[in-house]
Amino acid sequence: MEAALRPANPALPNTTAGTGAAARATAIRTADPDSRVVTQVAATVAPLQRGIKWDTRLQGDVARAQQAVDYLERVAAQLEALKADLSSKISGRSDPARQIEMRAQQLASVLQTRAKKSGGGVDAQLDFKDGQAATTRFRIRGFDMTALQSSGPQTYAFSVGSSGGPQLTATIDEGMTPQEIAARLDRTLSPVKVRVSLDNQQQLLFGAPESEWDGIKDAIAISGRGRVDTAEEPAVIAPEQWKIGNPDALRQSLRDVMAALGRVRRSQDAASAALSAAMARTPQPAIPEAELAIISQDFTATAAGHDYQSLLAITSALVGVSRERVQALLGLR
Numbered sequence: 002m003e004a005a006l007r008p009a010n011p012a013l014p015n016t017t018a019g020t021g022a023a024a025r026a027t028a029i030r031t032a033d034p035d036s037r038v039v040t041q042v043a044a045t046v047a048p049l050q051r052g053i054k055w056d057t058r059l060q061g062d063v064a065r066a067q068q069a070v071d072y073l074e075r076v077a078a079q080l081e082a083l084k085a086d087l088s089s090k091i092s093g094r095s096d097p098a099r100q101i102e103m104r105a106q107q108l109a110s111v112l113q114t115r116a117k118k119s120g121g122g123v124d125a126q127l128d129f130k131d132g133q134a135a136t137t138r139f140r141i142r143g144f145d146m147t148a149l150q151s152s153g154p155q156t157y158a159f160s161v162g163s164s165g166g167p168q169l170t171a172t173i174d175e176g177m178t179p180q181e182i183a184a185r186l187d188r189t190l191s192p193v194k195v196r197v198s199l200d201n202q203q204q205l206l207f208g209a210p211e212s213e214w215d216g217i218k219d220a221i222a223i224s225g226r227g228r229v230d231t232a233e234e235p236a237v238i239a240p241e242q243w244k245i246g247n248p249d250a251l252r253q254s255l256r257d258v259m260a261a262l263g264r265v266r267r268s269q270d271a272a273s274a275a276l277s278a279a280m281a282r283t284p285q286p287a288i289p290e291a292e293l294a295i296i297s298q299d300f301t302a303t304a305a306g307h308d309y310q311s312l313l314a315i316t317s318a319l320v321g322v323s324r325e326r327v328q329a330l331l332g333l334r
């Protein structure tokens, strides 16, 4: 039967760093040579050079791109592991069937968290588009290119929404090309956040914001048809459908994993580029050179220590710092 995959005591503080921090925080002087009372004098604080102008849209772009980068990195890691295990089983080097099943289940769990963990920037096809929220792609049953081109000149009225929404009309003339028909429908429906394009087979493909899909999918009406049925495009990755019961199934699963990995890599590049561009537009506060020198000295002193406390401070600061983040920051220079 063919098997299917189912979805301590703290170390002493560093003397150099501690001395620098104490000097910056306060200056202590004795009030009376014969007295134990000391007077604390606040250190002079340099005024901020300039504040950061809060740009809500820009901050949203940064957050969306950063979350997309992190999420796609997790998906890519899962796919790479699956690719290695499938390759090993096909070549006969090992028989990691249980491990393949476990990894497929882990990938399915990661995919289920996409809407939440990707910041709303990665859709079910694992595509990322700069500055755009995730889109749900769908088709309208019976409203396809063949029907439109064979019915002659006709005007269609659309409404979207539970209350009927605004009446939007589009006239499809005889002899229009698929590109012209898609463009006209797109202009007609864009005011209600429904976009229209063509797929690789020159068939109509509709799209709506994923966050609003629940209120749209059952509320599209077309003149002469009433409420229409919509069919959502399936997700690009379906681990529960991958099979490993025989050599042919293994090879097909490996091809599916490779195709998915290529798609994820392209989306990673797009998200990283968007993050770099958004970070470049983010105003950076001016930090005095003297303060930068002190920060650098403190970090160097801490990094030079070999005790547990120093290593903990360094590793904790680097948790979650991916290659894409470093590249984005270096791009600001």
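Numbered per my numbering, the sequence shown spans residues 2 to 334. C-beta atoms are modelled at their ideal positions from N, C-alpha and C, and glycine is treated no differently.
Quick check: what's the CA-CA separation for residue i versus residue j?
i, j, result
"Ser212", "Ser89", "40 Å"
"Ile91", "Leu262", "18 Å"
"Gln68", "Arg138", "22 Å"
"Ala148", "Ala183", "13 Å"
"Asp187", "Gly208", "10 Å"
"Val368", "Pro210", "Missing from the structure shown is residue 368; the chain here goes from 2 to 334 and no further."
"Ala304", "Ser119", "33 Å"
"Tyr197", "Arg140", "With the sequence shown as reference, residue 197 is identified as Val, and Tyr is not the correct amino acid for it. Looking at the two C-alpha atoms, the distance is approximately 10 Å."
"Met146", "Gln106", "38 Å"
Hey, quick one: how far does the alpha helix (DSSP H) through residue i stretch, first residue to last?
i, result
"Ile296", "290-305"
"Thr189", "179-190"
Just curious, the beta strand (DSSP E) that residue i is in, first and last residue?
i, result
"Glu233", "231-233"
"Arg140", "136-141"
"Pro210", "205-210"
From the DSSP output, in three-state form, read off residue i for me.
i, result
"Pro154", "coil"
"Ala220", "coil"
"Thr343", "For residue 343 there is no data in the structure shown, the boundaries of the chain being 2 and 334."
"Val258", "helix"
"Gly176", "coil"
"Val195", "coil"
"Val237", "coil"
"Arg252", "helix"
"Gly227", "strand"
Spell out a yes or no on whether the stretch 169-183 and the stretch 141-161 are touching, meaning 3 or more CB-CB pairs, one atom from each, closer than 8 Å. In short, these stretches touch, since the Cβ pair count reaches three.
Which ranges does the alpha helix (DSSP H) cover as unbroken runs of at least 4 residues, wholly within the stretch 52-131, from first to last along the chain? Those alpha helix (DSSP H) runs which fall completely within the stretch 52-131 and span 4+ residues are 57-92, 98-113, 115-118.
Using a Cβ distance threshold of 8 Å, determine whether the stretch 68-87 contacts the stretch 99-118, with at least three qualifying pairs required. When Cβ pairs closer than 8 Å are counted between the two stretches, the stretch 68-87 is seen to touch the stretch 99-118, the count reaching three or more.
Pairing CB atoms from the stretch 119-134 with CB atoms from the stretch 257-277, are three or more of them under 8 Å? Counting Cβ pairs under 8 Å, three or more are found: they touch.
Are the stretch 175-185 and the stretch 216-223 in contact at 8 Å, needing three or more beta carbon pairs? The stretch 175-185 vs the stretch 216-223: no contact.
With three or more C-beta pairs closer than 8 Å as the rule, is the stretch 78-87 touching the stretch 97-106? The count of Cβ pairs closer than 8 Å, one atom from the stretch 97-106 and one from the stretch 78-87, reaches three, so the stretches are in contact.
Is the stretch 188-202 touching the stretch 247-261 in the sense that three or more CB pairs, one from each, lie closer than 8 Å? Segments in contact, no.
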